[in-house]
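**Q** Handing you a structure now.
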Amino acid sequence: MNNKKVLVSLLIVIIAIGGYFSYNKFLTEKTVKGNKEITVTVINKDENYEKEHIHRTDAEKLGVALDEMGIAETSKGDFGRMVTKVDGIDTEMAKQQWWNIAINGEDAQTGIDDTVIKDGDKIEFIYKVGF
Numbered sequence: 001m002n003n004k005k006v007l008v009s010l011l012i013v014i015i016a017i018g019g020y021f022s023y024n025k026f027l028t029e030k031t032v033k034g035n036k037e038i039t040v041t042v043i044n045k046d047e048n049y050e051k052e053h054i055h056r057t058d059a060e061k062l063g064v065a066l067d068e069m070g071i072a073e074t075s076k077g078d079f080g081r082m083v084t085k086v087d088g089i090d091t092e093m094a095k096q097q098w099w100n101i102a103i104n105g106e107d108a109q110t111g112i113d114d115t116v117i118k119d120g121d122k123i124e125f126i127y128k129v130g131f
């Protein structure tokens, strides 16, 4: 009788362990890094420079995606972070140099930390001189 209880208990433990591993391997949803793909194009017409970066991200905001990419530098201002350098191209406010940000062909209406990104977005950083 005791052998039967031990055998049944052992069988239950083996089934439980097998079920656990099966569940983890086959039934849980795998998180894929980079649910969104964005294309960031850096344009400086004065220098005949144009470079395209494709980035996969789970970020909801442009600022986080840029931090992940490591292509931009920012400074803190009264209204949040302002992009000061992209792809090594620096701007100087004293010379009225700045980066215009366009999302899918439309000028961004918010700063990088408030700009929501979606899968397939085409983002342009366009070097400008003059206000």
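The letter at position 73 of the sequence shown is residue 73 when you use UniProt numbering, and the numbering goes up by one with no holes. Even for Gly, the Cβ is constructed at its ideal location relative to N, Cα and C.
Are residue 101 and residue 123 touching if we call contact CB-CB under 8 Å?
**A** For residue 101 and residue 123, yes; Cβs fall inside 8 Å.
**Q** Let me know the secondary structure DSSP gives residue 107 once reduced to three states.
**A** Of the three classes helix, strand and coil, the one that applies to residue 107 here is strand, per DSSP.
**Q** Can residue 51 and residue 98 be called in contact, C-beta distance under 8 Å?
**A** Going by C-beta atoms, residue 51 is not nearer than 8 Å to residue 98.
**Q** Could you tell me which residues DSSP puts in a beta bridge with residue 36?
**A** According to DSSP, which records beta bridges pairwise, residue 36 is partnered with 57.
**Q** Would you say residue 115 and residue 103 are within 8 Å of each other, going by their C-beta atoms?
**A** Their beta carbons are under 8 Å apart, which means residue 115 touches residue 103 by this criterion.
**Q** Could you check which residue in 69, 16 and 44 has the C-alpha nearest to that of residue 56?
**A** Minimum Cα distance to residue 56 is reached at 69.
**Q** Opposite residue 82 in the DSSP bridges: which residues?
**A** According to DSSP, residue 82 bridges with 75.
**Q** Could you check the C-alpha separation between residue 131 and residue 94 for me, to the nearest Å?
**A** Going from the Cα of residue 131 to the Cα of residue 94 covers about 11 Å.
**Q** With a CB to CB cut of under 8 Å and the five nearest residues on each side skipped, what residues in its chain are close to residue 28?
**A** Annotation note: pLDDT 44 at residue 28 (below 50); position unreliable, coordinate value reported separately. Counting only Cβ-Cβ distances below 8 Å, and skipping sequence neighbours, we find nothing.
**Q** Hey, would you say residue 45 sits closer than 8 Å to residue 117, going by beta carbons?
**A** No, the Cβ-Cβ distance between residue 45 and residue 117 is not below 8 Å.
**Q** Closest to residue 53 by CA distance: which of 2, 4 and 66 is it?
**A** Among 2, 4 and 66, the Cα nearest to that of residue 53 belongs to 66.
**Q** Quick one: what's got a C-beta closer than 7 Å to residue 63's C-beta in the same chain, skipping five residues either side?
**A** Within the same chain, residue 63 has close Cβ partners 81, 112 and 113.
**Q** Measuring alpha carbon to alpha carbon, tell me which of 11, 91 and 38 ends up nearest residue 59.
**A** Closest option to residue 59, Cα to Cα, is 38.
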